[in-house]
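Take a look at the structure below.
Protein chains: 2
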Amino acid sequence: MEQISQVDVEARVERFRQECRHAGLSLTHQREIIFRALVEMHGHPSPESIYGEVKRQIPAISLATVYKNLKTFIDHGLTREVSLHHGALRVETNSAPHHHFVCVRCKEIFDIEEELLAPVELRRKLPEGFSLQRYSVEFQGLCRSCGEPSS
Amino acid sequence: MEQISQVDVEARVERFRQECRHAGLSLTHQREIIFRALVEMHGHPSPESIYGEVKRQIPAISLATVYKNLKTFIDHGLTREVSLHHGALRVETNSAPHHHFVCVRCKEIFDIEEELLAPVELRRKLPEGFSLQRYSVEFQGLCRSCGEPSS
DNA sequence: TGCTCCATTGATAACTGTTATCGAACGCGA
DNA sequence: TCGCGTTCGATAACAGTTATCAATGGAGCA
């Protein structure tokens, strides 16, 4: 969990500029500062915490701008959200162990029966101090309806 | 995704009653109807949709009651939430592919480097029509700080 | 360089999902 | 049946997120 090197930051920012140009996105000051903050932070920051960081450089920036840009970044694959189903609470009705397939377009969740998968194998142990209770695999892709050429 | 059989429903409701007694939870009418609705639904219902279902049998029920009971059910392991990190948006700063370890107590998310894991193997193909783009494994358990006996 | 157009910004209202509060009602053991 | 502590229902409050809209400012072109 060490700090990302300055060289890597610059490389990612440069790639970011290219992607923006390529995608027809304006290269605004706010946009770049937000992206840079994101790359320089570590872990899994919330929009609020990115806002806090960016505000130190652009005190007048609006939280809405941060939200809008994060959404833009995600839409263009410049970053990823930790979880596709972060929105609202959903509960399981299937009490048997199983995995999930989440459609990246419609966000619907499909159960994948456990035995479809060979047991997951760790090559080494988890970091010291972490005790594992269970795991499940999340598959991402297009579901039947969203994958149809007609859509 | 076929309907759960009536026999299975009754079995789960009966187990539910036992668990409630065992946990010192009152067996209220609302509680049982909510649990029954949950078991009879399929997929990954939202509190709102369970509320809609329950309301057909107890028109005067409050949405808050549904929320409170779902939380109780989850706390007692009577059902599970689909995702431990459904709350707020979080974005990745780590652009390399990786997996996640989520602490069931503090909900913190830790990155697990991809190569710690042997590639996941499917025993059979995914159901027809699903196209896979990527997958990641979510490990659940206690993190270093939450697993300490001192806590 | 200056101009024009459209994307983006900032401020803020609105919205959604969820939780807190509190008096009334009810399950449960005595 | 009684009494206590849990749960319920109604609703206010809250957090996170999105929509709205006038003002601003990139980016291509004359």
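Going line by line, the protein sequences match chains E and F.
For what it's worth, this note's numbering labels the leading residue of the first sequence as -10, then goes sequentially.
For what it's worth, this note's numbering labels the leading residue of the second sequence as -10, then goes sequentially.
Beta carbons: idealized from backbone N, C-alpha and C, even for Gly.
Since the model is a prediction, treat every value here as computed from it, not as a measurement.
Heavy atom of the ligand GTP within 7 Å of residue i beta-carbon
i: E29 of chain F; result: The ligand content of the structure shown is nil, which means the ligand GTP is not present either.
Per-residue burial, residue i [other beta carbons within 10 Å of its own, 16 or more giving buried]
i: P108 of chain F; result: exposed
i: L121 of chain F; result: exposed
i: E102 of chain F; result: exposed
i: E137 of chain E; result: exposed
i: A26 of chain F; result: buried
i: E104 of chain F; result: exposed
i: V(-4) of chain E; result: exposed
i: E127 of chain E; result: buried
i: S140 of chain F; result: Residue placement at S140 of chain F is poorly supported in this model, since its pLDDT is 39, which falls under 50; the coordinates still yield a value, given next. Classification for S140 of chain F: exposed.
Run of the alpha helix (DSSP H) containing residue i, from where it starts to where it stops
i: V91 of chain F; result: It is not in any alpha helix (DSSP H) - V91 of chain F instead sits in the beta strand (DSSP E) that spans H87 to C92.
i: Q46 of chain F; result: Looking at the DSSP string, Q46 of chain F is not in any alpha helix (DSSP H), and its letter there is neither H nor E.
i: G136 of chain F; result: R133 to G136
i: F24 of chain E; result: H18 to E29
Nearest neighbour of residue i, chosen from the options [CA to CA]
i: R20 of chain E; options: E:S(-6), E:P34, E:Q(-5) and E:A53; result: E:A53
i: K57 of chain E; options: E:F24, E:H33 and E:H31; result: E:F24
i: P86 of chain E; options: E:R69, E:S125 and E:V71; result: E:S125
i: C135 of chain E; options: E:V91, E:Q(-5) and E:K114; result: E:V91
i: G66 of chain E; options: E:E37, E:E3 and E:C9; result: E:C9
Euclidean distance between Cα positions of residue i and residue j
i: I50 of chain F; j: Y40 of chain F; result: 8 Å
i: S35 of chain F; j: G130 of chain E; result: 22 Å
i: G118 of chain E; j: L111 of chain E; result: 16 Å
i: K44 of chain F; j: E(-1) of chain F; result: 20 Å
i: H88 of chain F; j: I(-7) of chain E; result: 18 Å
i: R1 of chain F; j: T17 of chain E; result: 57 Å
i: L73 of chain E; j: G32 of chain E; result: 17 Å
i: L115 of chain E; j: D100 of chain E; result: 26 Å
i: A12 of chain E; j: T68 of chain E; result: 15 Å
i: D64 of chain F; j: N83 of chain E; result: 17 Å
i: V55 of chain E; j: H75 of chain E; result: 18 Å
i: E3 of chain F; j: S15 of chain F; result: 14 Å
i: T61 of chain E; j: S38 of chain E; result: 18 Å
i: L142 of chain E; j: I22 of chain E; result: In the structure displayed, chain E extends from -10 to 140; residue 142 of chain E sits before or after that span and is not available.
i: R123 of chain E; j: M30 of chain F; result: 25 Å
i: V28 of chain E; j: I47 of chain E; result: 17 Å
i: E42 of chain E; j: F5 of chain F; result: 47 Å
i: C132 of chain E; j: L106 of chain F; result: 26 Å
i: Q7 of chain E; j: R113 of chain E; result: 38 Å
i: S70 of chain F; j: E70 of chain E; result: According to the sequence as given, residue 70 of chain F is Glu; it is not Ser. For E70 of chain F and E70 of chain E, the distance between alpha carbons rounds to 19 Å.
Element boundaries [beta strand (DSSP E), containing residue i]
i: I(-7) of chain F; result: Run containing I(-7) of chain F: none; DSSP gives neither H nor E here.
i: E165 of chain E; result: Since the first residue of chain E shown is -10 and the last is 140, residue 165 of chain E is not available in this structure.
For the region 77 to 86 of chain F against the region 85 to 105 of chain E, do three or more pairs of beta-carbon atoms, one drawn from each stretch, fall closer than 8 Å, so that the two count as touching? no
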